[in-house]
Amino acid sequence: MRQKSVVQESDVAKRQVVVVGAGPGGLATAMQLAHAGCDVTVLERRDHVGGRTSAINIDDYRFDCGPTFFLYPRVLSEIFRSLGRQLMSDIPMVRLDPQYRLTFGEGGQLDCTPDMDEMDRQIAKFAPNDVGALRRYMDDNRVKLQKFRPILETPFNSIADLMRPSLLGAAKHLHPFRSLGDELGRYFSDPRLVISFAFQSKYLGMSPFQCPSLFSILSFLEYEHGVWHPIGGCNMVSEKMAEIAESMGVKIRLSESVDSVEMNGKRLTALKTSQGTYTADAFVVNADFADWMSKTIPNKSRRRWSDAKLAEKKYSCSTFMLYLGIDGIYEDLPHHNIHISSDYERNLDEIERQHVLSHDPSFYVQNASVTDSTLAPDGQSAVYVLVPVTHQHKNVDWSVESDRFRELTLDKLSAIGLGDIRDRIRVEHRITPADWENKYAIYRGATFNLAHNLGQMLHKRPHNRFEELDGVYLVGGGTHPGSGLPVIYESSRISSRLLLNDLGLDASFIDEACTCEEEDYSDYETNTPCIPREAVRSS
Numbered sequence: 010m011r012q013k014s015v016v017q018e019s020d021v022a023k024r025q026v027v028v029v030g031a032g033p034g035g036l037a038t039a040m041q042l043a044h045a046g047c048d049v050t051v052l053e054r055r056d057h058v059g060g061r062t063s064a065i066n067i068d069d070y071r072f073d074c075g076p077t078f079f080l081y082p083r084v085l086s087e088i089f090r091s092l093g094r095q096l097m098s099d100i101p102m103v104r105l106d107p108q109y110r111l112t113f114g115e116g117g118q119l120d121c122t123p124d125m126d127e128m129d130r131q132i133a134k135f136a137p138n139d140v141g142a143l144r145r146y147m148d149d150n151r152v153k154l155q156k157f158r159p160i161l162e163t164p165f166n167s168i169a170d171l172m173r174p175s176l177l178g179a180a181k182h183l184h185p186f187r188s189l190g191d192e193l194g195r196y197f198s199d200p201r202l203v204i205s206f207a208f209q210s211k212y213l214g215m216s217p218f219q220c221p222s223l224f225s226i227l228s229f230l231e232y233e234h235g236v237w238h239p240i241g242g243c244n245m246v247s248e249k250m251a252e253i254a255e256s257m258g259v260k261i262r263l264s265e266s267v268d269s270v271e272m273n274g275k276r277l278t279a280l281k282t283s284q285g286t287y288t289a290d291a292f293v294v295n296a297d298f299a300d301w302m303s304k305t306i307p308n309k310s311r312r313r314w315s316d317a318k319l320a321e322k323k324y325s326c327s328t329f330m331l332y333l334g335i336d337g338i339y340e341d342l343p344h345h346n347i348h349i350s351s352d353y354e355r356n357l358d359e360i361e362r363q364h365v366l367s368h369d370p371s372f373y374v375q376n377a378s379v380t381d382s383t384l385a386p387d388g389q390s391a392v393y394v395l396v397p398v399t400h401q402h403k404n405v406d407w408s409v410e411s412d413r414f415r416e417l418t419l420d421k422l423s424a425i426g427l428g429d430i431r432d433r434i435r436v437e438h439r440i441t442p443a444d445w446e447n448k449y450a451i452y453r454g455a456t457f458n459l460a461h462n463l464g465q466m467l468h469k470r471p472h473n474r475f476e477e478l479d480g481v482y483l484v485g486g487g488t489h490p491g492s493g494l495p496v497i498y499e500s501s502r503i504s505s506r507l508l509l510n511d512l513g514l515d516a517s518f519i520d521e522a523c524t525c526e527e528e529d530y531s532d533y534e535t536n537t538p539c540i541p542r543e544a545v546r547s548s
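The sequence shown runs 10 to 548 under this note's numbering.
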């Protein structure tokens, strides 16, 4: 056991911790470790914080670089509470209704809302046999989340951890060997509805027909706990976390990448940058796991995660991105919009198996300016376009395909009413999978990290207390529990507990802030920044 007796901060010099990467997981970890009394330094290779959860600013337009959905606020809310803060006070957010609009290439539209009666009315228009199925799905997944939470909130260091009573008790509810698509097919007979509640596997970068049914809770979380928009974008969450961390004494060093390391046997003892050498009692890695390990840690020091074994792993899809500053505002288009290809299974097969570009891709558009006036000049809007595509593969040369695929993407936007968008573009930025790989240091440009198939989950994912190197802890999408903001924040709690316990420091504040029951956000007025309905009625 690595557990040590807890020591008082006054009894010893502050423990030194270096965090590599100022992404969401790194910032959340830095805050918690600083609160526990550690002397924390964050090394960030780029000139701003946030990683993929950062901003792209072009003239007076502001875009989220990566995540645009803020889901399941409970985890980050509890982290803030453990620091004596209140998430929704520190970071104003809007709960969206509708959460998003789904349009189907084969016909049909669904404005997804947490109002179950309204959902049944919409479902009755094109799938009358499925009316009522959503309520059954919600009831079942409410129980499933309760069983699944202990799995998401604790580390898996070996196969023995699979024998925990919490996991064994949850097994009958999780159906791990059933695909997400098959699981949703138990509730909905119309394939469009199956996709409506399975497409959330995109948060994991996987096809719902390959993704384990464990993740049917993703759609449930949206309907039960809301789809939120932080004012200014998800990047503002990262900005605020960095501000809080610095107020707690954390030193954030921007534009300082790790060039090499010093080792003593299996123990990492120092990180070297162009600015100097950093020694510490512990190191936390929030960089893209496969990219950082393959470029920074000598291959001979990695047996389970050697370069050859990393190359054999399965990786998520990538994304082709357009960030468009638009003249005018599309008032009739909701904040979030997902268009499903007319042949969705073929589209997914082209991404995951054939590794070619689709002629009829699915895509996502964020029209955030209908909600948030801070993102663009008056009368203008910031439009974000994401197309899931294969990760970097020899079949696609983005130096050849980028312009063509941009034109195809703009053509496809007419499916959601944006046929005139070319004439309205005032500024534009583009990111391809090659950019994700080369400019953002993401292995193969796989924006959702290691895939979440059963062979790469729980103890088979890189461990939070990294098993190959002593004194190293992992946070982010490449470790347990996986990809997506809520679970990345959860990884920071898991790794912070482990690190503090290993250093003999008190981690009880983390658990003391956790709630046994799910928080109820239903009392917040939708499409209004964090104002309870009662406050709206009395104003």
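Each residue gets a CB set at the ideal place from its N, CA and C atoms; glycine is no exception.
Return the chain-ordered list of same chain residues with a C-beta closer than 7 Å to the C-beta of Asp369, the five sequence neighbours on each side being excluded.
Gly114, Ser350, Ser351, Asp352 and Asn356
Within this structure, are the beta carbons of Gly493 and His461 separated by less than 7 Å?
no
DSSP bridge partner residues for Pro33 (one or two, in chain order):
DSSP, once it has assigned bridges, lists no residue as partnering Pro33.
In the structure shown, what three-state DSSP assignment does Phe165 receive?
coil
Which parts of the segment 253-301 are runs of the beta strand (DSSP E), unbroken and 3 residues or longer, counting only runs that do not cross its ends?
260-262, 267-273, 276-282, 285-288 and 291-294
With DSSP collapsed to three states, give me the class of Glu437.
strand
Close beta carbons around Ser500, own chain, < 7 Å, minus the five adjacent residues each side:
Gly34, Asn473, Val484, Gly485, Thr488, His489 and Pro490
May I have the straight-line CA-CA distance separating Leu419 from Glu476, to the nearest angstrom?
46 Å
Buried or exposed, going by whether 16 or more other CB atoms sit within 10 Å of the CB of Pro137?
exposed
How is the beta strand (DSSP E) around Trp314 delimited, first residue to last?
Trp314 -> no beta strand (DSSP E), and no H or E assigned at all.
Span separating the alpha-carbon of Tyr373 from that of Tyr212:
12 Å
Say whether the segment 264-276 touches the segment 114-134, bearing in mind that this needs 3 or more beta-carbon pairs closer than 8 Å, one atom from each stretch.
no
Determine the closest residue to Lys318 out of Asn308, Phe518, Val481 and Ala169, with distance taken between C-alpha atoms.
Asn308
When the Cα of Met330 is compared with those of Glu271, Gly454 and Gly337, which residue comes out closest?
Gly454
Is DSSP giving Val481 helix, strand or coil here?
strand
Where Arg110 falls: helix, strand or coil (DSSP)
strand
Compute the beta-carbon to beta-carbon distance between Ala251 and Ala450, rounded to the nearest angstrom, for a pair I have assumed lies under 8 Å.
Not a contact, Cβ separation roughly 19 Å.
Could you check whether Phe78 and Val293 sit closer than 7 Å to each other, using their CB atoms as the reference points?
no
Stretch-stretch touch, CB-based, cutoff 8 Å, three pairs: the segment 39-59 with the segment 359-367:
no
DSSP-derived helix/strand/coil call for Thr50:
strand
Here's a check: name, in chain order, each residue in its chain whose Cβ is nearer than 7 Å to the Cβ of Arg145, leaving out the five neighbours to either side.
Tyr196
DSSP puts Trp237 in a beta bridge; with which residues?
Phe79 and Arg104
Less than 6 Å between C-beta atoms, sequence neighbours within five positions excluded: which residues of the same chain meet that for Glu87?
Ala522 and Cys523
Paired residues, beta bridge with His461 - DSSP
In DSSP, His461 forms no bridge with anything.
For the alpha helix (DSSP H) that Arg415 lies in, which residues bound it at each end?
Trp407 to Lys421
Which residues mark the beginning and the end of the alpha helix (DSSP H) in which Arg355 is found?
Tyr353 to Asp358
Could you check where the alpha helix (DSSP H) with Pro370 kicks off and where it finishes?
No alpha helix (DSSP H) contains Pro370, which DSSP labels as neither H nor E.
Taking the continuous alpha helix (DSSP H) assigned at Ser500, which residues delimit it?
Leu494 to Asp511
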